[in-house]
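Data block below; observations after.
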Amino acid sequence: MMQTRLIGVAFMAVFAATQALAQNAASTTPDYAPFEAGSAPAVRLPSTMGVPVTGVQPKPSAPAIPAEKPGMAVPAKPAQMKKPVAPKAPRPAQNPGIAAAAPRYTAGMAIAGKAKVVDGSVLTVGSVAVRLEGADAPGLGQDCKTAAGLPWHCGEAARRALAEVADGERVSCVVAKQSGEGASATCSVRGISDLARYMVERGFAVPNEQGRRRYGAASAAASSSRTGIWTGTFEAPWTWRIRNQ
Numbered sequence: 043m044m045q046t047r048l049i050g051v052a053f054m055a056v057f058a059a060t061q062a063l064a065q066n067a068a069s070t071t072p073d074y075a076p077f078e079a080g081s082a083p084a085v086r087l088p089s090t091m092g093v094p095v096t097g098v099q100p101k102p103s104a105p106a107i108p109a110e111k112p113g114m115a116v117p118a119k120p121a122q123m124k125k126p127v128a129p130k131a132p133r134p135a136q137n138p139g140i141a142a143a144a145p146r147y148t149a150g151m152a153i154a155g156k157a158k159v160v161d162g163s164v165l166t167v168g169s170v171a172v173r174l175e176g177a178d179a180p181g182l183g184q185d186c187k188t189a190a191g192l193p194w195h196c197g198e199a200a201r202r203a204l205a206e207v208a209d210g211e212r213v214s215c216v217v218a219k220q221s222g223e224g225a226s227a228t229c230s231v232r233g234i235s236d237l238a239r240y241m242v243e244r245g246f247a248v249p250n251e252q253g254r255r256r257y258g259a260a261s262a263a264a265s266s267s268r269t270g271i272w273t274g275t276f277e278a279p280w281t282w283r284i285r286n287q
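Just so we're aligned, residue 43 is where the sequence shown starts under the working numbering, counting upward by one.
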C-alpha cells in the first residue's frame with residue numbers, strides 16, 4: 043500500500059513539473075501577427091546559378107627549397123634593387139584672396155531641350171539636371187501606404203506621372219537658382235505651364251519650403267480629394283531622402 047502511494051506521489055510530481063515547463067515555454071514564445079497578403083512588397087531573390095560554393099581560390103603552394111647536401115653550394119639570391127622614390131612636389135599654397143567659382147546657372151537663365159525624367163521632381167533637360175522648383179516628389183525607391191495600411195511604390199508612380207507628360211518632350215525651364223551641379227527651375231511643356239504645379243495637383247508631389255505659398259492651395263485640394271499619395275499616409279520626401287542617403 044505504501045509503495046503504491048509513493049508511486050502516485052511521484053507521478054503527480056512529474057506531471058506538475060511537465061505542466062510548469064509547458065506554461066513557461068508558452069509564456070516565452072512571442073505572439074506573431076498573422077501575415078496579410080500585400081503587407082510587404084515582394085522581394086526578388088538574387089540568382090545563385092553558376093556561383094561557386096566558396097569564392098576563395100586555393101593559393102598556389104610555394105616551390106619546395108631543396109635541402110643542402112654535403113659539398114653542394116647553394117646559389118645566393120640576387121640582391122633586389124630598390125626603385126628610386128621621386129620627391130613629392132610641394133603643394134601650392136592656397137590664396138585666401140581667390141574667390142569661389144561663379145555658379146553656372148543663375149536666376150532667370152533659360153534652359154530648353156528634350157527631357158528625360160529621373161523621378162517625380164527631377165529630370166534632365168538637354169544635358170542639364172533640373173529639379174522642379176518649389177515641389178518635391180517621393181524618392182524613386184520610396185513606398186507610401188494605402189488607407190488600409192498596405193505599402194505601394196509611390197515613388198515609381200510619381201516618376202510615371204511626370205514621364206507621361208514630359209519624357210521625350212521638349213521642355214522649357216526658367217532657372218531659380220543653382221542646385222548641386224544642376225539647376226532648380228520652373229519648367230513647362232506643351233499644354234502645361236508649370237510642371238511642379240501639375241504634380242502637386244495630382245497628388246504626386248508636395249510643396250517644399252520654397253513652394254509653400256505658391257502651391258499650398260493646390261496641395262490642400264489634392265489632400266481633400268484623397269488623390270495620389272494622399273490616398274493614405276506617406277513620409278515627407280525630404281525626410282525619406284535624408285534617411286536613405
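Just so it is clear, CB atoms sit at the ideal spot from N, CA and C, and this is done for glycine as well.
Distance from the CA atom of Gly-253 to the CA atom of Ala-177, rounded to whole angstroms, is 6 Å. The Cβ neighbour count for Ala-264, taken over all protein chains shown within 10 Å, is at least 16; the residue is labelled buried. If you ignore the 5 residues before and after Gly-274, its C-beta comes within less than 7 Å of the C-beta of Cys-186, Lys-187, Thr-188 and Ala-189, all in its own chain and listed in chain order. Across the structure, Ala-227 and Ala-199 are spaced so that their CA atoms are roughly 22 Å apart.
Check the Cα spacing between Thr-281 and each of Thr-148, Gly-162, Pro-180 and Val-170: the tightest is with Pro-180. For Ser-214 and Val-207, the gap between their C-alpha atoms comes out near 13 Å. Listed as beta-bridge partners of Gln-220 by DSSP are Ala-225. The residue from Asp-209, Glu-211, Gly-197 and Ala-225 with its alpha-carbon nearest to that of Met-151 is Ala-225. Taking C-alpha positions only, Ala-205 is separated from Leu-182 by approximately 13 Å.
Between Ala-278 and Tyr-257, the C-beta gap is not smaller than 8 Å, which leaves the two residues out of contact.
Comparing alpha-carbon positions, the option among Glu-211, Gln-184 and Ala-171 lying closest to Gln-287 turns out to be Gln-184.
Each of Cys-196, Phe-246 and Ala-154 was checked against the Cα of Arg-232, and the nearest Cα belongs to Ala-154. Under DSSP, Trp-272 shares a beta bridge with no residue. In this structure, Gly-168 lies away from Arg-201, with their beta-carbon atoms at least 8 Å apart.
The shortest C-alpha to C-alpha distance from Asn-250 to any of Arg-173, Thr-148 and Ala-144 is the one to Arg-173.
For Glu-211 and Glu-175, the gap between their C-alpha atoms comes out near 19 Å. When beta bridges are read from the DSSP output, Cys-186 appears opposite Trp-194.
The three-state secondary structure of Ala-152, taken from DSSP, is strand. At a Cβ-Cβ threshold of 8 Å, Asp-209 and Val-159 count as neighbours. Counting only residues of its own chain and dropping the five nearest sequence neighbours on each side, Ile-234 has a CB closer than 7 Å to the CB of Val-207 and Tyr-240.
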